[in-house]
Amino acid sequence: MLDLLARARRGSPDLALARARQREAVALLRAADAGDEPALSLGAVQEASRISVANGRFPPGIPRRTDVTAVAAKASWELDVWGREAAKSQAAAADVRAAKFTAEQADLALAAEVARLWFAVRGAREQLAFLETEFATRFREMELVERTVAAGLVDSDPLSSAKLAAAQAKVDEGLGRRRVAAAENALRALIGAAPGEPLPLARAPAAMPTFGAGVPSELLLRRPDLAAAAARLDAAVAREGAARADFYPSVTLTGQAGWQADPASRIGQGAAGFWSLAPSVDLPLFDAGRREANLEAARARIDGSAAEWTKAVLGAFREVEDALADLRELAQQEELTARVLAAVRERLANAEARLRAGLANESEVTLARRDEALAARTLSLVVWERRQVAVRLAAATGGGWSPK
Numbered sequence: 002m003l004d005l006l007a008r009a010r011r012g013s014p015d016l017a018l019a020r021a022r023q024r025e026a027v028a029l030l031r032a033a034d035a036g037d038e039p040a041l042s043l044g045a046v047q048e049a050s051r052i053s054v055a056n057g058r059f060p061p062g063i064p065r066r067t068d069v070t071a072v073a074a075k076a077s078w079e080l081d082v083w084g085r086e087a088a089k090s091q092a093a094a095a096d097v098r099a100a101k102f103t104a105e106q107a108d109l110a111l112a113a114e115v116a117r118l119w120f121a122v123r124g125a126r127e128q129l130a131f132l133e134t135e136f137a138t139r140f141r142e143m144e145l146v147e148r149t150v151a152a153g154l155v156d157s158d159p160l161s162s163a164k165l166a167a168a169q170a171k172v173d174e175g176l177g178r179r180r181v182a183a184a185e186n187a188l189r190a191l192i193g194a195a196p197g198e199p200l201p202l203a204r205a206p207a208a209m210p211t212f213g214a215g216v217p218s219e220l221l222l223r224r225p226d227l228a229a230a231a232a233r234l235d236a237a238v239a240r241e242g243a244a245r246a247d248f249y250p251s252v253t254l255t256g257q258a259g260w261q262a263d264p265a266s267r268i269g270q271g272a273a274g275f276w277s278l279a280p281s282v283d284l285p286l287f288d289a290g291r292r293e294a295n296l297e298a299a300r301a302r303i304d305g306s307a308a309e310w311t312k313a314v315l316g317a318f319r320e321v322e323d324a325l326a327d328l329r330e331l332a333q334q335e336e337l338t339a340r341v342l343a344a345v346r347e348r349l350a351n352a353e354a355r356l357r358a359g360l361a362n363e364s365e366v367t368l369a370r371r372d373e374a375l376a377a378r379t380l381s382l383v384v385w386e387r388r389q390v391a392v393r394l395a396a397a398t399g400g401g402w403s404p405k
């Protein structure tokens with residue numbers, strides 16, 4: 002099953018999408034962190050101008066044409082006085098956590114589905130083997146009845162019933178083949194296998210995932226989807242803080258330094274140097290309600306994220322309780338069907354012993370074998386269904402189990 006899981010992980014589009022969004026969140030976090038750092042740029046300007054002397058305001062001797070070249074480094078830094086940029090970084094960091102947990106949830110769901118289908122295929126194949134045996138038994142019964150009718154020992158009514166039972170067994174066998182094909186095709190699609198590719202399924206008995214009588218609520222904390230919902234709530238709270246900070250003034254430091262000269266050959270000389278430093282404060286006064294709307298939207302996102310977290314927690318408890326209830330019922334059914342199978346096999350052994358002693362006919366042994374196959378098929382159905390439910394419980398508690 003580990004090989005199948007590795008193939009599924011390599012080809013899963015859901016897992017690839019979750020990992021891509023995780024990388025996107027990490028990149029956005031770097032961008033948010035950069036918002037609190039100074040920005041530096043380097044620029045150059047070549048300006049040519051011609052002055053009009055027709056207005057008489059310029060004394061003679063001043064050149065009418067000037068060519069000015071400037072090279073300067075510019076820096077700006079918005080001081081995070083009110084914590085707006087810090088809040089944005091906190092929100093982006095929470096988004097990274099949410100994306101990480103979402104990717105883990107996608108991986109957990111993929112692993113659970115691979116395990117479930119693995120058990121489903123093995124169970125369907127085992128069921129098909131029992132159905133093939135049942136058809137062979139029904140066909141043998143029909144042949145015995147045919148000989149009895151041909152000998153004139155009974156009328157034709159038992160033969161009609163035997164033929165109907167054999168036909169129904171053949172139909173059930175066909176349905177079993179369809180179930181095997183459907184389960185195998187689902188598993189092939191999940192792991193990216195080609196249609197008809199043989200599946201490497203083990204033949205040894207599968208270990209039964211086991212849990213205690215109850216599951217501690219602390220196990221739910223391992224669920225990645227709950228952790229992702231909590232991280233999204235943290236991100237919403239942080240963005241509400243950033244929206245509140247928009248109501249306060251922004252303080253920015255800007256400056257530049259460089260050279261400005263005419264002609265350009267003087268660039269780099271001390272006399273051509275210049276610099277400037279300009280702190281500024283920007284107090285927002287009117288924006289047609291944009292900031293109020295952003296704050297209200299941020300608060301609504303908090304309420305929505307909290308509701309999503311509550312829904313996820315309630316859903317997690319329901320999934321665990323449903324799986325535990327199914328496991329308890331299936332465990333009882335497995336025990337009862339195992340007892341029935343043991344009793345039927347004992348009856349079959351007695352019938353075979355009587356046949357060897359000449360005290361019973363072949364029809365009695367055939368009927369006992371049919372009952373034994375039916376009981377074994379019922380037990381197999383319960384056993385493999387119980388394993389699939391155990392996988393469901395393992396996924397509902399965040400993954401992992403102890404082999405029996």
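Quick note: the sequence shown uses my numbering, first residue 2, plus one each step. Glycine is no exception: its CB is placed at the ideal position from the N, C-alpha and C atoms.
* Asked: Should A195 and A396 be called a contact, given that it needs their Cβ atoms to be closer than 8 Å?
  -> no
* Around the Cβ of W276, are there at least 16 other Cβ atoms within 10 angstroms (buried) or fewer (exposed)? -> exposed
* So, helix, strand or coil for W119, using DSSP? -> helix
* For W310, collect the residues of the same chain with a Cβ closer than 8 Å to its Cβ; drop the 5 residues on either side in sequence, then sort them by chain order. => L227, A230, A231, R233 and L234
* **Enclosing alpha helix (DSSP H) for T379 [first to last residue]** => E363 to A397
* Asked: Can you check whether the CB of V384 is closer than 8 Å to the CB of E335?
  -> yes
* To do: Can you grab the Cα-Cα spacing for the pair A244 / L254, in whole Å?
  => 22 Å
* Specify the secondary structure class of W310 as computed by DSSP and reduced to three states. => helix
* **Beta-bridge partners of V72, as assigned by DSSP** => A45 and W260
* To do: With D158 as the anchor, note down where its alpha helix (DSSP H) starts and where it stops.
  => D158 to I192
* Where S277 sits in the DSSP three-state scheme -> strand
* Helix, strand or coil at L296 [DSSP, three-state] -> helix
* **Residues sharing a beta bridge with S50, DSSP** => T67
* R240 and A74 closer than 8 Å at C-beta -> no
* To do: With E241 as the anchor, note down where its alpha helix (DSSP H) starts and where it stops.
  => P225 to A246
* For R371, does the count of other Cβ atoms within 10 angstroms reach 16, so buried, or fall short, so exposed? -> buried
* What separation, rounded to the nearest whole angstrom, lies between the Cα atoms of L145 and A369? -> 15 Å
* To do: Would you be able to state if there are at least three C-beta pairs under 8 Å between the segment 294-304 and the segment 119-131?
  => no
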